[in-house]
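These notes concern the structure reproduced below.
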Amino acid sequence: MLAPSPWTTPHPSPPPAYISSPPPAFPPQEDLVPTVASLSDIYSATDIPHQSVRWSSLQERFRALYDRDISFVARTPGRVNLIGEHIDYSWFPVLPMAIPHDVLVAVAIIPSTDPASDGRIILSNVQAVKYPTRVFSTDDFTDPFFAIPTSQHIDWSAYFLAGLKGALTFSRLCATDASPLPTMRILVDGEVPTCAGLSASSALVCSSLLAVLSTITTPIIEKSFLVNSAVISERALGVNSGGMDQAASVFAVRDHALLIDFRPLVSAKPVRVLDTVPRLCFVVANSLVSVSNRTETGPDRYNIRFVETTLAAEILAREYSVGRLEIRDGFGGTLRGFYDKICERNGWTMGDRESEERAVKEVVVKIRQTFSKDKYSLDEIAKMLGISTEDMLRKYTTRFPIRAKYLNLRDRAEHVIEESFRCKCFSSLLASLTTNLRALSASESTPYFDALGELMNASQQSGSSKFECSCPEINELCRIAQKYGASGSRITGTGWGGCIISLVRADRVNDVIDGLKREYYASRHPEISQINDVVFPITPANGAVLSKVNGFQL
Ligand code: NG1
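Going by my numbering, the sequence shown opens with residue 20, and the numbers climb by one from there.
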């Protein structure tokens, strides 16, 4: 007779709750950050020749610099946002996609038994003049709450440190087996254009986080864990990060845009964009107006928009007595929270375009009734919230400071609610287009292109007038792109400079690029030698990966 199984032996007393609850399910493979074995697992065939040269040169430079081989590379792409701008921090879904440009963080771990183990982390960059080498001691990081210097001019290494800090904090919170930081040698190679709204800083934070996490825990990392940790890591740099960039860079799937939602949990639904006839293409054009780093400009721009939309949500919730809103990151409610509650209370059932459109119109009316002016002083806002100005300032403006005497709650809220609707319309049109289009002729597809383009143009118009995050150069780029055949064009990312993204039929791509070169770059930036680095077509790329260099195929 078999001995009784220890699992079936009755417990003398009821088991504690954590034993009786089912064990956590092991996450499916597709939910984990992949460890890849070859360049073709990361890049499309057209990108491989360039990437092959780049990765070999990275290996050679690493060897020359540190006299040893790379142990692994953490790689994260930048992103463009197709539509849904400045609504992620209000928890509404957005539709970005990863771009082929990425950040590689190459790491050699030096074990304590190695004579070279000196307790130092040496951080270098392939662009050594622009980004000088920094040396840290692992002892600097025994307290994971160490402060990152974020003065006016932030050093490039701060982005690495933000990732390192996140890795130390979250591995200690979540994993019992986190080991101490080893001696490390690191070489960074970033190809995401910087200060361009293509998420170069998030890609560096995310790659650094992934790299350090892999040195101190087992490299089985859930994508959603990486996204959430990267969002919080980036806040150490003084900006209340939304979440779109990190989610886009981690969840991305080649040839797909991603419909990213933030409630109830962060999730991404891939929407294929490459099967249409004529092909649907995307062109990025950099205004070369620098989106200076958000740590410097946050108090005048990004952080203000965050505070304006949060306050609008809180005041609307109070005005329409919808009850307490779910709090985002200890600050206050979101416009999504208000929208969902008011729709639920009024029975504005969602799920189809008509009822959603009706709900959006009703909510916009309520916004206009609540905020009759476009500017409110801080005292007036505190009064609307029913708290003192001091309490209001303490609650909403101390963790991420702002510089403003007046805030515009009406136009910001309107933009957010209407943009969320545009984003939903765009993604469902795109999904139906790519499902149906094989059967459509080129002329039958025109209305789809027009409708998608109109949504992008409306988004740009609203970003410019209601959210005030555009600038004359961006408006000019959008105008030129459309003149030469783009179906729609809009700013992408934070704004106030950076890039536009245009939706273009394949047969018009060259016209659009040539038109932009002639009418924008030739006159404003005749100095540019690498024009293809500032205006280029893109196809959606794969998300973050770890790559073991041993046996890696270049
Ligand atoms: P970029 O362009 O990367 O600075 C920022 C936010 C996004 C989103 C957009 C506006 C971070 C790291 N990025 O993007 O979350 O809010 O602005 O849509 O905060």
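For every residue, glycine included, the Cβ atom is placed at its ideal position computed from N, Cα and C.
Rounded to the nearest angstrom, how far is the Cβ of residue 394 from that of residue 427, given a contact under 8 Å? Residue mapping note: residue 394 aligns to position 375 of the sequence shown, counting from 1. Residue mapping note: residue 427 aligns to position 408 of the sequence shown, counting from 1. The Cβ separation is near 6 Å, so the contact holds.
Can you give the beta carbon distance from residue 386 to residue 429, rounded, assuming they're within the 8 Å contact cut? As a first step, residue 386 is located in the sequence shown; it is residue number 367 there, counting from the start. As a first step, residue 429 is located in the sequence shown; it is residue number 410 there, counting from the start. Sure, about 6 Å apart at Cβ, within 8 Å.
Considering only C-alpha positions, which residue in the set 82, 436, 539 and 463 is nearest to residue 486? Within the sequence shown, the letter at position 467 stands for residue 486. With distances taken between Cα atoms, residue 486 lies closest to 436.
Residue 35 in three-state terms, based on DSSP: Against the sequence shown, residue 35 aligns to sequence position 16. The predicted model places residue 35 with a pLDDT of 42, which falls under 50 and marks its position as unreliable; any figure quoted below should be read in that light. Secondary structure of residue 35 (DSSP, three-state): coil.
Proximal residues to residue 265 (C-beta, below 7 Å), its chain only, five neighbours per side dropped: On the sequence shown, residue 265 is found 246 positions in, with the first residue counted as 1. So the qualifying residues of the chain are 221, 225, 246, 249 and 250.
Beta strand (DSSP E) segment containing residue 97, residue limits: The residue you call residue 97 lines up with position 78 of the sequence shown. Per DSSP, residue 97 is one residue of the beta strand (DSSP E) stretching across 91-102.
Lining residues of the ligand NG1 - beta-carbon closer than 5 Å to any non-hydrogen atom, in sequence order: Cβ-based neighbours of the ligand NG1 within the cut-off: 104, 105, 107, 216, 218, 221, 260, 261, 263, 264, 512 and 513.
Could you give the DSSP three-state label for residue 241: helix, strand or coil? Translated into positions along the sequence shown, residue 241 becomes position 222. Here residue 241 carries a strand assignment [DSSP, helix/strand/coil].
Rounded C-alpha distance that separates residue 24 from residue 240: Mapped onto the sequence shown, residue 24 falls at position 5. Mapped onto the sequence shown, residue 240 falls at position 221. Because residue 24 carries a pLDDT of 34, less than 50, the predicted location of this residue cannot be relied on, and no value is offered for it.
For residue 113, which option in 261, 131, 256 and 88 has the closest C-alpha, if you only look at C-alpha atoms? Numbered from its first residue, the sequence shown carries residue 113 at position 94. Checked all of 261, 131, 256 and 88; the closest Cα to residue 113 is 261.
Buried or exposed for residue 103, going by 16 or more other Cβ atoms inside 10 Å? In the sequence shown, residue 103 corresponds to position 84, counting from 1. Buried: at least 16 other Cβ atoms inside 10 Å.
As a quick exercise: from 148, 99, 206 and 48, pick the residue whose alpha carbon is nearest that of residue 86. Here the question's residue 86 lines up with position 67 in the sequence shown. Ranking the options by Cα distance to residue 86, first place goes to 206.
Rank 520, 564 and 569 by C-alpha distance to the C-alpha of residue 556 and give the top, closest one. By one-based count along the sequence shown, residue 556 stands at place 537. Residue 556 has its Cα closest to that of 520, out of 520, 564 and 569.
Residue 481 (DSSP reduced to helix, strand or coil): In the sequence shown, residue 481 corresponds to position 462, counting from 1. Looking at residue 481 - three-state DSSP - the assignment turns out to be helix.
Give the range of the beta strand (DSSP E) segment to which residue 144 is assigned. Numbered from its first residue, the sequence shown carries residue 144 at position 125. For residue 144, the enclosing beta strand (DSSP E) covers residues 139-144.
If you reduce the DSSP assignment to three classes, tell me which class residue 553 lands in. Walking along the sequence shown from the start, residue 553 turns up at place 534. Three-state DSSP puts residue 553 in coil, outside helix and strand.
From the DSSP output, in three-state form, read off residue 563 for me. Counting from one through the sequence shown, the residue named residue 563 turns up at place 544. Residue state, collapsed to three classes: coil.
Continuous alpha helix (DSSP H) stretch holding residue 416: start and end: As a working note, residue 416 is residue 397 in the sequence shown. Residue 416: member of the alpha helix (DSSP H) spanning 408-416, first to last residue.
Roughly how many whole angstroms lie between the Cα atoms of residue 423 and residue 327? Here residue 423 refers to the residue found at position 404 of the sequence shown. Here residue 327 refers to the residue found at position 308 of the sequence shown. Taking the straight line joining both Cα atoms gives about 11 Å.
Quick one: complete beta strand (DSSP E) runs, 3+ long, within the region 291-335? Counting only unbroken stretches of 3 or more residues, the beta strand (DSSP E) elements lying wholly within the region 291-335 are 299-305, in sequence order.
Three-state class that DSSP yields for residue 280 in the structure shown: Within the sequence shown, numbered from 1, the residue matching residue 280 stands at position 261. Reduced to three states, the DSSP call for residue 280 is strand.
How about residue 67 and residue 77: are their beta carbons less than 8 Å apart? Counted from its first residue, the sequence shown places residue 67 at position 48. Counted from its first residue, the sequence shown places residue 77 at position 58. If you check the CB distance, residue 67 and residue 77 do not come in under 8 Å.
Which residue wins for smallest C-alpha separation from residue 346, given the options 338, 329 and 334? Taking the sequence shown and counting its residues from 1, one reaches residue 346 at position 327. Nearest in C-alpha terms to residue 346, of all of 338, 329 and 334, is 329.
Simplified DSSP assignment, three categories, for residue 568: Position 549 of the sequence shown, counted from the first residue, corresponds to residue 568. In the structure shown, the three-state DSSP call for residue 568 is coil.
So, for residue 504: in the same chain, excluding its five sequence neighbours on each side, which residues have a beta-carbon less than 7 Å away from its beta-carbon? Looking up residue 504 in the sequence shown gives position 485. Cβ neighbours of residue 504 beyond the five flanking positions: 523, 527, 530 and 531.
Coarse secondary structure for residue 573, derived from DSSP in three states: Mapped onto the sequence shown, residue 573 falls at position 554. In this structure, residue 573 counts as coil in the three-state DSSP scheme.
Considering only the alpha carbon of each residue, which of 540, 515 and 483 lies closest to residue 499? Along the sequence shown, read from residue 1 onward, the residue named residue 499 stands at position 480. Of the candidates 540, 515 and 483, the one whose C-alpha sits nearest the C-alpha of residue 499 is 540.
Count Cβ pairs between the region 463-483 and the region 506-517 that sit closer than 8 Å; are there 3 or more? Result yes; three or more Cβ-Cβ pairs closer than 8 Å.
Close-in-space but distant-in-sequence residues of the same chain around residue 141 (CB under 6 Å, 5 per side omitted): Here residue 141 refers to the residue found at position 122 when the sequence shown is read from its first residue. Hits under 6 Å: 154 and 204.
Just list the residues that DSSP pairs residue 161 with in beta bridges. By one-based count along the sequence shown, residue 161 stands at place 142. Note: residue 161 is not bridge-paired with any residue in the DSSP secondary-structure output.
Where does the unbroken beta strand (DSSP E) through residue 124 begin, and where does it stop? Taking the sequence shown and counting its residues from 1, the one referred to as residue 124 is at position 105. For residue 124, the enclosing beta strand (DSSP E) stretches over residues 114-129.
Quick check: the Cα distance between residue 275 and residue 116, rounded to an integer number of angstroms? Translated into positions along the sequence shown, residue 275 becomes position 256. Translated into positions along the sequence shown, residue 116 becomes position 97. Cα to Cα, the separation comes out at about 7 Å.
Can you tell me whether DSSP reads residue 28 as helix, strand or coil? For the purposes of this step, residue 28 is taken as the residue at position 9 of the sequence shown. Low local confidence applies: a pLDDT of 33 at residue 28 is under 50, so the model's placement there is unreliable, with the coordinate-based value given in what follows. DSSP places residue 28 in coil when its eight states are reduced to three.
Hey, is the region 401-420 in contact with the region 334-350, meaning 3+ C-beta pairs nearer than 8 Å? The region 401-420 is in contact with the region 334-350.
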